[in-house]
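Only one structure is covered here, and it is reproduced in the block below.
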């Protein structure tokens, strides 16, 4: 089976007066893991997702999910015939049904209802006690959990999520994120996830698509896309890399744990996950500093041996973005142009990168 | 209360008329309201205006044109004659056709308001859960717009109970065929038979009040969200 999702979508809603917008995307996405479409509000990412689902009609589109053609120049499969799950931004439970009724609505129409799937989904999203409630008796976070369960119970071959956390406050968001992470391992359903929040990118994305003004700016595995210094303008102050590793050691006295990855170790705040669990770290470029010699006197305890592979300009003339290699892992560091000049940094040089423990966000 | 046998037969006739008309109106009004709530066609405004005409026109005007249309030379009359039904004026079914036109806005508008208040999101959600168009109509539109249907049925029924002008123009005054309560009351008053007029008129007031009271009580309980004709929520 072809393990790809083809999305080619051209849409022009510009008016004569110059308002409206256009969308042009041509993507081949992996049919596994979580693909995050990231971009500022109004860049067209939701429209792209709705075109993939068939909720919006792109006149010129080709959408092929694995071997099933959803749309091409002569066919348009109606939404209800596409094997998709869709989680909308705001609560979208059918208001006349209970939470359980919403789940049954999906299960009944999924083709072949599976009782064991029902149990798995209800347990995974901890919905056991909520099933009898009406949507208006649920909190925002609970509603999104039910909406997610409902999408899973329709047994989709592609799960589309449109900023499912955007309408939630921070604590609710923290409540849902772990469920989304479990989704990746518990179900083998490919996900396309739209967001404008960087922390969701670093926590969830396996594959990242950057969008701006209706155009695709970059696409690729998340580690690759995030470590391109040329995209610094896109992320601004949030420029960061994602490092995957696993928990190797715990220091209960200081409440820290050691994460080992392909380029070394980093100590972070203990998240109380089990030893051996894999975790993702987000390292912000602005929190990485460099020195020629190992500064053992520093309060910054995470020091990595790196080599400098690229220096590139940022939109801010006083700073530069440095790309560093640490084993197989790439890290970005934002430093001032003056520091580069006074230290006389050269490509290929071996340096020490210092990372603030507190800056490793997850 | 003195109700003659003739009074009672007009009551039954009126109930039968209102029930048949309400049923037909729900069948016609639902797709019409659905179309009006979904379309962005240029025809939306003129069709809406046409549907609402009975709200402002004198019943005699509607009755007059329907009489012409249903007469032997009218287009509707030609049609009914060609399929062997004869002509409709001065028959029960003539009254039914006229009442359907006359009460149409009272049924279409509450349903349309309810469907518009529902928005497109629940239908999109149902579509992403593999519900086809018919499935969506019965499992999402109908239950969510139910208060609108309730309001529509009550108003259509009550409004048909009370019509007079259109009945006179189309149906005349034939016992057991077209003589409805409002016409009977008129006859009683004409013949200075005030006691019998009182009985029927009082009954009409009480019935209409109870029907509307039920509707408003249901609305207050939140069961019937969309408001009455003309005033959108």
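Chains as they are written, first to last, in our numbering: chain A, 289 to 650; chain B, 16 to 248.
Glycine residues also receive a C-beta, built at the ideal position from the N, C-alpha and C atoms.
With respect to chain A, the C-beta atom of residue 46(B) has no partner C-beta closer than 8 angstroms.
Excluding residues up to 5 positions away in sequence, 210, 211 and 214 lie with their Cβ nearer than 7 angstroms to the Cβ of residue 17(B) in the same chain. Ranked by Cα distance from residue 606(A), the options 599(A), 620(A) and 625(A) are led by 625(A).
Under DSSP, residue 129(B) forms no beta bridge with any residue. Residue 498(A) holds the alpha-carbon nearest to the alpha-carbon of residue 313(A) among 636(A), 498(A) and 494(A). Within the DSSP secondary-structure output, residue 590(A) pairs in a beta bridge with 643(A).
Relative to the Cα of residue 115(B), the nearest Cα in the group 222(B), 50(B), 137(B) and 42(B) belongs to 42(B). Among the CB atoms of chain B, none fall inside 8 angstroms of the CB of residue 349(A). Between residue 309(A) and residue 502(A), the C-beta spacing is below 8 angstroms. Scanning 485(A), 369(A), 328(A) and 295(A) for the CA closest to the CA of residue 348(A) turns up 295(A).
Interface flag for residue 69(B) against chain A is unset, since no Cβ pair is found closer than 8 angstroms. The three-state reading of DSSP puts residue 506(A) in strand, counting E and B together.
Rounded to the nearest angstrom, the gap between the Cα atoms of residue 474(A) and residue 433(A) is 15 angstroms. Annotation: the continuous alpha helix (DSSP H) that includes residue 404(A) extends over 403-412. In summary, residue 206(B) is exposed, with fewer than 16 beta-carbon neighbours lying within 10 Å of its beta-carbon over all protein chains present. Flagged as an interface residue toward chain A: residue 139(B), by a C-beta distance shorter than 8 angstroms.
Distance from residue 81(B) to residue 113(B) at the Cβ level is roughly 5 angstroms; contact confirmed, criterion being Cβ atoms closer than 8 angstroms. Membership of residue 164(B) in the alpha helix (DSSP H) is indicated by the continuous run 161-176. Exposed is the label assigned to residue 586(A), since fewer than 16 other Cβ atoms lie within 10 Å of its Cβ. A straight-line Cα-Cα distance of about 21 angstroms links residue 425(A) and residue 412(A). Closest option to residue 342(A), judged by alpha-carbon separation, among 364(A), 356(A) and 440(A): 364(A). Interface with chain A (8 angstroms Cβ-Cβ cutoff): residue 204(B) is excluded.
Beta-carbon to beta-carbon, residue 323(A) and residue 480(A) are separated by about 5 angstroms, close enough to satisfy the 8 angstroms threshold.
By the C-beta criterion, the segment 62-82 of chain B is judged to be in contact with the segment 118-133 of chain B, since at least 3 inter-stretch pairs fall below 8 angstroms.
Neighbours of residue 341(A) across chain B, judged by C-beta separation under 8 angstroms: 143. Using a Cβ-Cβ cut-off of 8 angstroms, residue 373(A) counts as an interface residue toward chain B, since at least one Cβ of chain B sits closer than that to its own. Annotation: residue 437(A) has no Cβ neighbours in chain B at a cutoff of 8 angstroms; minimum Cβ distance is about 12 angstroms. Look at the segment 340-380 of chain A and you find these whole runs of beta strand (DSSP E), each 3 residues long or longer: 348-353, 356-359 and 372-375. As for any alpha helix (DSSP H) of minimum length 4 sitting wholly inside the segment 504-540 of chain A, the runs are 510-514 and 520-523, ordered along the chain. Remark: three or more beta-carbon pairs, one from each stretch, lie closer than 8 angstroms, so the segment 226-238 of chain B and the segment 161-177 of chain B are flagged as touching. For residue 557(A), the enclosing beta strand (DSSP E) stretches over residues 552-557. Chain-order list of chain A residues neighbouring residue 123(B): empty, with the shortest C-beta distance near 23 angstroms, by a criterion of under 7 angstroms.
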